[in-house]
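The listed protein sequences derive, respectively, from chains A and B.
When we follow our numbering, the leftmost residue of the first sequence carries the number 342, and every step to the right adds one.
When we follow our numbering, the leftmost residue of the second sequence carries the number 343, and every step to the right adds one.
All C-beta atoms in this analysis are idealised placements derived from N, C-alpha and C, irrespective of residue type, glycine included.
Just below is one structure, and these are the notes that go with it.
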Amino acid sequence: MGGSSCFHVDGMMLLKQLEVILERDTLINEIGFVHPSQLATLDRSPDATHYDETAFWNKDHKLAISTEILQHLYRAVMQEYMNVKKRLEGLIKQSIGKYSSDSPTFGSDSDHLLESEILKHTMALLILNSDFGSAWNSRKMVIVRKAQLSLLMDELHLCTLILSYSPKSQCTWSHRRWVIEIIGEKFQIMHEIVGQDSELVKQIAEKSKMNYRAWSHLCWLIPYMKGTQVIDELNKSKKWSELHIADNCCFHFRRRLLFKMLEDISAREDDESCINQKIEVYFLWKEELEWNESLISRYIGREALWLHRRFLSQCYINYFTIDHETCNSNGEDFHGIHSTLDDFLDKELELLLHSLDVTDNEFEDTQVQAQHATSYIIWISKQVPPHKHEKLQSRLQEMDLKPIMIKLCADKPHLCVSPLLQDYNSNV
Amino acid sequence: MKITALLVLKSDSSSSGDSIVLANATDVSHFGYFQRGAAREFILFVGRTVAKRTPPGQRQSVQHEEYKVHSYNRNGLCALAFMDDHYPVRSAFSLLNTVLDEYQKAFGETWRAVQTDSSQPWPYLNEALTKFQDPAEADKLLRIQRDLDETKIILHKTIDSVLARGEKLDSLVEKSSDLSAASQMFYKQAKKTNQCCTIL
């Protein structure tokens, strides 16, 4: 903060101005804390009569707050919040004593006034410091008593606003989930909420990379998704992950969606519609595997892609492959949605062979690719029944890949000791 | 995967001073509303700094924080791309190659006479900025050009390693006419608080 500003700054007055701005412009969608020199360059807003222009700027539903006044503002709002919080706690104690009920209701006008004071001050406070848990809790205490849809939607809007400039604020995300839970219990609009939040997460993820909190919010919403919404989300997130192949979060979201589909069909009885659904999921899985393979060959040496493939392969082996020797005898009809494990392994070995080519290693990425491929195959060997293990080994021997693979994982002792590579050593 | 900016600059031996911007397509929509101005200025500043230090015939990639600046100077005409770390390097350079081809197709050798920054719009560059956000598109170029250029690409881990001996980024920031007072303040603040400066 500038040491030269020796004039007295009236924090309370600034707080009033901020609260007036927030009240007048309820559609504010972005807030920035900017240096005073930048604030001076922003073109003048017609609304500027309501506030100090050296402290705030509000136009086109954007709000800028000068970094110079933050400490004064924060002190003032803390003081106000502590006052109303004490009064609220007193009121709660009093009403519990009176009605001996654990969900007290406030009747009088002064109580309503106190509630709106709380909402007003905590809003300003949380805009300045979104990780203030007590302030979020005070809001919850007020809101849980009213449970009006409009109030709940206002909460979602406040969360969206704060997330626009601090996209990884855990308290804000968790408050959002708390609000959505209440909405889910009382109102039948979860379909819209899911759609809206999926949009929000994608917007936020575009601005802040590797935002685990945003994506895990979307994962949290999956149980609320109904029927076609899961497929919709899968389709929508496909292009996004294609353009953000280093971001494991979006792939993780896809894994959760895919897994939900698998779980849904496994839980159901074997009737006609279920078989159709099974066929649908099977083709979806094949498509995802092919898509993943094309990404692997386009983006060389990307770990997130190989990790995604592990998930796909593991589920594919468990749900969609049959072992020739054990299953052929009982002659069951698998509705054409199973392939043999041998075919699958052959395809994966082909991918390995393709990925081990390190001739053009100008950017060191092909080397990384070969390493990922090697550890992937070793991982696969753990997922198949033991008698397949030998087969896999002899195939590697045929293709003469083992020496290369051993060289590739020389610096990874836990891979070197894999039986898949070990036996070769003892054979020579 | 993100291309933030594509630039074409004049950077030959005749211009002893700074490189001259011939065309500039920038997309700062993924920055916060109040950071966009500073982002645009820094792109111009870093672009000029790197282009000036890419001699004719050279291709180089400069890593800065999570960004990469790819630069290719062909006979004094220099194409630059600001991308994130994940855009495949081969595709990036085939894109720069194409940008230079297209520029010469559209403007010929007129750029040699240019003495000041050009603000004349060049629609192709903006279209390219949108189209090639998906590296799959640049991949198609790569297939056609595969054996066109075998010049080695020089990789720099920091922007400081591009600078000549004795040059300092801080003093370049201070001297630059591309940066406003607010942006310079932003740079200093980011450096002081040791935050990840996501723009420069």
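- Rounded to whole angstroms, the gap between the alpha carbons of Lys732/A and Ile495/B is 43 Å.
- In terms of beta-carbon proximity, Gln655/A stays away from the interface with chain B, with every pair separated by 8 Å or more.
- Among the residues of the stretch 403-418 of chain B, those with a Cβ less than 8 Å away from any Cβ of chain A are Glu408, in the order of the chain.
- When only Cα atoms are considered, Ser407/A and Leu469/A end up about 12 Å apart.
- In the three-state reduction of the DSSP assignment, Val699/A falls in the coil class, being assigned neither a helical nor a strand state.
- For a Cβ distance threshold of 7 Å, residue set Pro430 of chain B lies close to Tyr640/A, ordered along the chain.
- In the DSSP annotation of this structure, the continuous segment of the beta strand (DSSP E) that includes Ile495/B starts and ends at Ile495 to His498.
- When Phe528/B, Tyr529/B and Lys510/B are compared, the shortest CA-CA separation from Thr391/B is found for Lys510/B.
- Inclusion of Val370/B and Leu419/B in the CB contact set at 8 Å is not warranted, their separation being larger than that value.
- In this structure, Val418/A lies away from Leu454/A, with their beta-carbon atoms at least 8 Å apart.
- One finds His376 and Ser378 in chain A with Cβ atoms closer than 7 Å to the Cβ of Met527/B, taken in chain order.
- Nearest neighbour of Ile521/A by Cα position, chosen from Lys729/A, Ile503/A, Ser722/A and Trp561/A, turns out to be Trp561/A.
- In this structure, Gly373/A and Ala405/A form a Cβ contact; the two beta carbons are roughly 5 Å apart against a cut-off of 8 Å.
- Annotation for Asp573/A: the continuous alpha helix (DSSP H) segment containing it runs Thr569 to Leu584.
- By the Cβ-count criterion, His428/B is buried, with 16 or more other Cβ atoms from all chains shown falling within 10 Å of its own Cβ.
- Of Ser491/A, Pro744/A, Glu394/A and Ala711/A, the smallest CA-CA separation from Ile362/A is found for Glu394/A.
- Proximity of the stretch 601-616 of chain A to the stretch 450-459 of chain B falls short of the contact definition, fewer than three beta-carbon pairs being nearer than 8 Å.
- Per DSSP, Glu739/A lies in no beta strand (DSSP E) segment; the continuous alpha helix (DSSP H) that holds it begins and ends at Pro727 to Glu739.
- Interface annotation, Lys403/A: in contact with chain B, CB-CB separation under 8 Å.
- If you look at Trp626/A, you'll find it in the alpha helix (DSSP H) that goes Glu613 to Arg639.
- Here the alpha carbon of Val699/A sits roughly 51 Å from the alpha carbon of Leu497/A.
- By alpha-carbon distance to Asp605/A, the top candidate from Asp351/A, Val622/A and His593/A is Val622/A.
- Here Asn424/A is exposed, its C-beta having fewer than 16 other C-beta atoms within 10 Å.
- Near chain A, meaning a CB-to-CB distance below 9 Å, the residues of the stretch 372-386 of chain B are His372, Phe373, Gly374, Tyr375, Phe376, Gln377, Gly379 and Ala380.
- Residues are counted here when their Cβ sits less than 9 Å from a Cβ of chain B; for the stretch 581-595 of chain A these are Glu583, Leu584, His585, Ile586, Ala587 and Asp588, given in chain order.
- By the criterion of a C-beta distance shorter than 7 Å, Trp519/A is surrounded in its chain by Lys481, once the five residues flanking it on both sides are discounted.
- The CB of Gln446/B never comes closer than 8 Å to any CB in chain A; the least such distance is about 27 Å.
- Using a Cβ-Cβ cut-off of 8 Å, Gln400/B does not count as an interface residue toward chain A, since no Cβ of chain A sits closer than that to its own.
- Apart from the 5 residues on each side of it in sequence, Trp464/B sits with its Cβ closer than 6 Å to the Cβ of Ala365 in its chain, given in chain order.
- Taking C-beta separations shorter than 8 Å and ignoring five residues to either side along the sequence, the partners of Met740/A in its chain run Leu690 and Leu694, following chain order.
- A residue is called buried when at least 16 other Cβ atoms come within 10 angstroms of its Cβ; Arg365/A does not meet this threshold and is exposed.
- Of Phe435/B, Val515/B, Val363/B and Lys530/B, the smallest CA-CA separation from Ser461/B is found for Val363/B.
- Contact residues of the stretch 542-554 of chain A toward chain B are Glu547, Lys548 and Lys550 (C-beta to C-beta distance below 8 Å).
- Ala423/B sits close to Leu438/B, with the two beta carbons spaced by under 8 Å.
- Under DSSP, Ser403/B forms a beta bridge with His412/B and Leu497/B.
- According to the DSSP secondary-structure assignment, Leu422/B is paired through a beta bridge with Leu349/B and Ser413/B.
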